[in-house]
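In terms of this note's numbering, the sequence shown opens at residue 1 and continues consecutively.
Even for Gly, the Cβ is constructed at its ideal location relative to N, Cα and C.
See below for the structure under consideration.
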Amino acid sequence: MDYVRNKITEVKDALMYEFKEEDIEKIVAEKERFRPHPTNYAMKKTQLMKERDVAQLRGDEESVADLNAKLQELEERASALDKTRTSSIQSISYINNRNRKLNVETAERAIMEEIKANKGKKTDDPFTRRHTKPVMNFKSHTGASRSQEFLLHEDSTPEEIK
Numbered sequence: 001m002d003y004v005r006n007k008i009t010e011v012k013d014a015l016m017y018e019f020k021e022e023d024i025e026k027i028v029a030e031k032e033r034f035r036p037h038p039t040n041y042a043m044k045k046t047q048l049m050k051e052r053d054v055a056q057l058r059g060d061e062e063s064v065a066d067l068n069a070k071l072q073e074l075e076e077r078a079s080a081l082d083k084t085r086t087s088s089i090q091s092i093s094y095i096n097n098r099n100r101k102l103n104v105e106t107a108e109r110a111i112m113e114e115i116k117a118n119k120g121k122k123t124d125d126p127f128t129r130r131h132t133k134p135v136m137n138f139k140s141h142t143g144a145s146r147s148q149e150f151l152l153h154e155d156s157t158p159e160e161i162k
């Protein structure tokens, strides 16, 4: 029974335990050790470059070579991932362009069918401009408006009007 009581108190203590900064860093480092690929390539590359610079300052050529190899491997993996992303983006953009062209073609066909259906039918559009003859309205020296004189002498030649 003492064993069970001890386990109960250990479980309660474990549940009430507050993690310290060092504990969290150990957990993160342990998880990072077993992760085959980094989640953020840029941060990992920056970290490796800093470690390489520190190793160069210390004069540790062996760790510098090891870190350079890790950096090269990281670059290769990142470029491979970039190629796969680019190829998937290209295929998606190809599909988008194809769909755009199809949409334009169907819209053109619909417009042409509408034009054919409306051919021969005159529609009353209140917004179209009407074709009219302009009439100038101003007073001449005789008192009658010029447009009235013009209408009276429309059939006569210009020499007769003067």
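Out of curiosity, what's the CA-to-CA distance linking ARG5 and LYS12?
Distance between the alpha carbons of ARG5 and LYS12 is about 11 Å.
Given GLU75 as reference, the closest of LYS44, ILE92 and ILE95 once Cα atoms are compared
Among LYS44, ILE92 and ILE95, the Cα nearest to that of GLU75 is on LYS44.
What span of residues does the alpha helix (DSSP H) with VAL54 cover, start to end?
Taken as a continuous stretch (DSSP letters only), the alpha helix (DSSP H) holding VAL54 covers 41 to 58.
Which word fits LEU67, buried or exposed, when buried means at least 16 other C-beta atoms lie within 10 angstroms of its C-beta?
Burial call: buried.
Over what stretch of residues does the alpha helix (DSSP H) that includes VAL4 continue unbroken?
Where VAL4 is concerned, the enclosing alpha helix (DSSP H) starts and stops at 2 to 16.
Euclidean distance between Cα positions of ILE95 and ASN40
Using only the alpha carbons, I get a separation of about 30 Å.
Quick check: what's the CA-CA separation for ASP124 versus ALA110?
Rounded to whole angstroms, ASP124 to ALA110 spans 22 Å at the Cα level.
Beta-carbon spacing of MET49, LEU81 below 8 Å:
Not closer than 8 Å, so no.
Less than 8 Å between C-beta atoms, sequence neighbours within five positions excluded: which residues of the same chain meet that for PHE127?
Beyond the five residues adjoining it in sequence on each side, PHE127 comes within less than 8 Å, by CB distance, of no other residue in the same chain.
Assigned exposure category for LYS20 - 16 Cβ within 10 Å defines buried:
Its Cβ having fewer than 16 others within 10 Å, LYS20 is exposed.
Where SER93 and LEU57 are concerned, what is the direct C-alpha to C-alpha distance, given to the nearest angstrom?
Between the alpha carbons of SER93 and LEU57 lies a distance of about 48 Å.
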